[in-house]
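Q: Structure below; questions to follow.
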């Protein structure tokens, strides 16, 4: 479970950098159940597949919530539209670790999209490391009857709601 939370933390950092207010806003995903497969190299985390139930309001709220949080921890956050999708570049610092990230996002946000990111981290307990992460997201259909917008279902059935992530903000160390 700790590994799942650590990987989710990595995904949250990506969302913070990609979902923050910037030169260009990413499109809102189609409402419903999205499967998100994350493959990461350069670290001990295994491939993980999770499901995310969303709607237009929740996607907008995630971007709005990420923006102030990202402003506190990111010195650079930039998204630009390209001929094939979007490119995001960010520099964020949390708990004595600074991470530089570059992500390329392609897809239509209605049926599928892919995020390929590379990052370099310095500081913190892990020292220096380079990682790559690919998120392949595909729309599965309507959310299940026991799901509400914002629910993330991790492998093993652990469920959390992204709307509760704002509560985690208080757990982050204050930046100096």
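In the numbering used here, the protein residues as written are 11 to 186.
The beta-carbon is built from N, C-alpha and C at its ideal position, and this holds for glycine as well.
This structure is a prediction, so every number in the text was calculated from the model and none was measured.
Using only the alpha-carbon positions, how far apart do residue 174 and residue 71 sit?
A: Walking along the chain shown from the start, residue 174 turns up at place 164. Walking along the chain shown from the start, residue 71 turns up at place 61. So the two alpha carbons sit approximately 12 Å from each other.
Q: Looking only at its own chain, which residues have a Cβ that is under 6 Å from the Cβ of residue 128, when we skip the five neighbours before and after it?
A: Counting from one through the chain shown, the residue named residue 128 turns up at place 118. Cβ neighbours of residue 128 beyond the five flanking positions: 112, 142.
Q: For the candidate residues 55, 34, 65, whose alpha-carbon lies nearest to that of residue 149?
A: In the chain shown, counting from the first residue as 1, residue 149 sits at position 139. Taking only the C-alpha atoms, the option nearest residue 149 is 65.
Q: Residue 166: buried (16+ other C-beta within 10 angstroms of its C-beta) or exposed?
A: For this step, residue 166 is matched to residue 156 along the chain shown. Label assigned to residue 166: exposed.
Q: What's the call for residue 34, buried or exposed, on a 16-neighbour Cβ count within 10 Å?
A: To locate residue 34, count along the chain shown from 1; it is residue 24. Per the 10 Å Cβ criterion, exposed.
Q: Look at the alpha carbon of residue 107 and the alpha carbon of residue 55, and state the distance between them as a whole number of angstroms.
A: Translated into the one-based positions of the chain shown, residue 107 becomes position 97. Translated into the one-based positions of the chain shown, residue 55 becomes position 45. For residue 107 and residue 55, the distance between alpha carbons rounds to 18 Å.
Q: Which of the three DSSP states is assigned to residue 55 in this structure?
A: Start at 1 with the first residue of the chain shown, and residue 55 comes out as number 45. Coil.
Q: Just to confirm my understanding: we take residue 115, look at its own chain, exclude 5 residues before and 5 after, and list those with CB closer than 6 Å. What are they?
A: Residue numbering aside, residue 115 sits at position 105 when the chain shown is read from its first letter. Around residue 115: 95, 96, 125.
Q: Taking the continuous beta strand (DSSP E) assigned at residue 115, which residues delimit it?
A: Your numbering for residue 115 matches position 105 in the chain shown. First-last of the beta strand (DSSP E) with residue 115: 107 to 117.
Q: Which value, in whole angstroms, describes the spacing of the CA atoms of residue 60 and residue 170?
A: Stepping through the chain shown from its first residue, residue 60 is reached at position 50. Stepping through the chain shown from its first residue, residue 170 is reached at position 160. When rounded, the distance between both Cα atoms is 11 Å.
Q: For residue 157, count neighbouring Cβ atoms within 10 angstroms of its own Cβ and tell me buried if that reaches 16, exposed if not.
A: As a working note, residue 157 is residue 147 in the chain shown. So residue 157 counts as buried.
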